[in-house]
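Number of protein chains: 2
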Amino acid sequence: MARFIPQGEIVPKGQEELCPVTYTQNLTAGKWKITILWHLSKQTRRFNELQRLLPGISKGILTRQLRELEEEEMVHREVYKEVPPKVEYSLTPKGKSFIPVLNIMGEWGNEHMKSNQKELKPVTKD
Amino acid sequence: MARFIPQGEIVPKGQEELCPVTYTQNLTAGKWKITILWHLSKQTRRFNELQRLLPGISKGILTRQLRELEEEEMVHREVYKEVPPKVEYSLTPKGKSFIPVLNIMGEWGNEHMKSNQKELKPVTKD
DNA sequence: CCGCATCCCTAGTGATACTG
DNA sequence: CAGTATCACTAGGGATGCGG
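Protein chains in written order, with the UniProt record's numbering: chain A, 1 to 126; chain B, 1 to 126.
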């Protein structure tokens, strides 16, 4: 779907192999995906809740980002057949297993981003 | 430059703060950046060497990716004033400090990417 | 309430020709 | 050798309106 980058020298022929790091990178390449994962790591959320938590995102975009995370099995979508409809999103085991990676990235980012302010919020802590 | 994603709820006013995880993500968001960092983590490379190591990349793109990594202080550019010109690229301390993050991402990717083949090359091991 | 379909727009990539 | 400049192209984001 996104851009899959073969490692180059190890690519066989037309069978392009994917570097695991690049795979991980591409998983969260969507503009809102990391933030979505972060919110869902704290609690299950309904569609409209997520939209409110992500100021500026439109329904269409939110839907697409969630669908892609679903396809990658990072996010679980639970549909309640009620009227009015109710849909809840949560992390799958795979999604939960990604939280430590988020933490590492956050730690490194905190140490290395040129911050005018000295302290920045850790994204995975409450 | 790239897309900087404010965390949303903690954004002050027009002063948008950046989530450290998102910062890290954006640093390596270029299509070839991770692969470039990987190659440079193994050894210093000249411009043409890098181009040969990245099949399909054009000079213009390679230049821009390198310039951006330079601006972020991930990569050091050493120019030798000779004829013909010679330029060598290597990792800065910041760039080197990122290698463990690459490793974590690689490990997670290896465990979770749906691989038809059972084993995939670790990107940072020789 | 949730989401899809559609269209527009921009950023980023790709390709080529030219230069110190 | 190591770029720069230019243009074309594409993927992805954003906005809106309709539908179950």
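All residues carry an ideal CB built from backbone N, CA and C; glycine is no exception. Bear in mind the structure is a predicted one, so any value in this text is a computation, not a measurement.
Assuming residue i and residue j make a contact with CB atoms under 8 angstroms, what is their CB distance in whole Å?
i: residue 32 of chain A; j: residue 54 of chain A; result: 6 angstroms
i: residue 71 of chain B; j: residue 77 of chain B; result: Actually they are not in contact, since the Cβ atoms of residue 71 of chain B and residue 77 of chain B sit about 11 angstroms apart, beyond 8 angstroms.
i: residue 74 of chain B; j: residue 94 of chain B; result: 6 angstroms
i: residue 51 of chain B; j: residue 62 of chain B; result: 6 angstroms
i: residue 91 of chain B; j: residue 27 of chain B; result: Incorrect: roughly 13 angstroms between the Cβ atoms, too far for contact.
i: residue 99 of chain A; j: residue 25 of chain B; result: With 8 angstroms as the limit, residue 99 of chain A and residue 25 of chain B do not qualify as a contact, their Cβ atoms being about 15 angstroms apart.
i: residue 68 of chain A; j: residue 109 of chain A; result: That belief does not hold up - the Cβ atoms of residue 68 of chain A and residue 109 of chain A are roughly 23 angstroms apart, past 8 angstroms.
Just checking: is the beta-carbon of residue i within a distance shorter than 8 angstroms of some beta-carbon in chain A?
i: residue 61 of chain B; result: no
i: residue 23 of chain B; result: yes
i: residue 102 of chain B; result: yes
i: residue 36 of chain B; result: no
i: residue 89 of chain B; result: no
i: residue 113 of chain B; result: yes
Quick one: which chain A residues come within Cβ less than 7 angstroms of residue i?
i: residue 110 of chain B; result: 20
i: residue 98 of chain B; result: 108
Could you confirm whether any beta carbon from chain B is found closer than 8 angstroms to the beta carbon of residue i?
i: residue 94 of chain A; result: yes
i: residue 44 of chain A; result: no
i: residue 125 of chain A; result: Per-residue confidence for residue 125 of chain A stands at a pLDDT of 38, beneath the threshold of 50, marking its modelled position as unreliable; no derived number is given.
i: residue 14 of chain A; result: In this prediction, residue 14 of chain A scores a pLDDT of 35, lower than 50, which makes its location untrustworthy; no coordinate-derived value is stated.
For residue i, verify whether its CB is less than 7 angstroms away from any heavy atom of the ligand SAM.
i: residue 32 of chain B; result: Ligands are entirely absent from the displayed structure, and the ligand SAM is therefore not among its contents.
Inset, instruction - Counting only runs of 4+ residues fully inside the stretch 45 to 94 of chain A, write out the alpha helix (DSSP H) ranges in chain order. - result: 47 to 53, 59 to 71
Legend entry - Inter-stretch contact (C-beta, 8 angstroms, three-pair minimum) for the stretch 37 to 50 of chain A and the stretch 86 to 93 of chain A: yes
Inset, instruction - Pair every Cβ in the stretch 96 to 107 of chain A with every Cβ in the stretch 17 to 30 of chain B, then say whether three or more of these pairs are closer than 8 angstroms. - result: A contact between stretches requires three or more CB pairs, one per stretch, nearer than 8 angstroms, and the stretch 96 to 107 of chain A meets this requirement with the stretch 17 to 30 of chain B.
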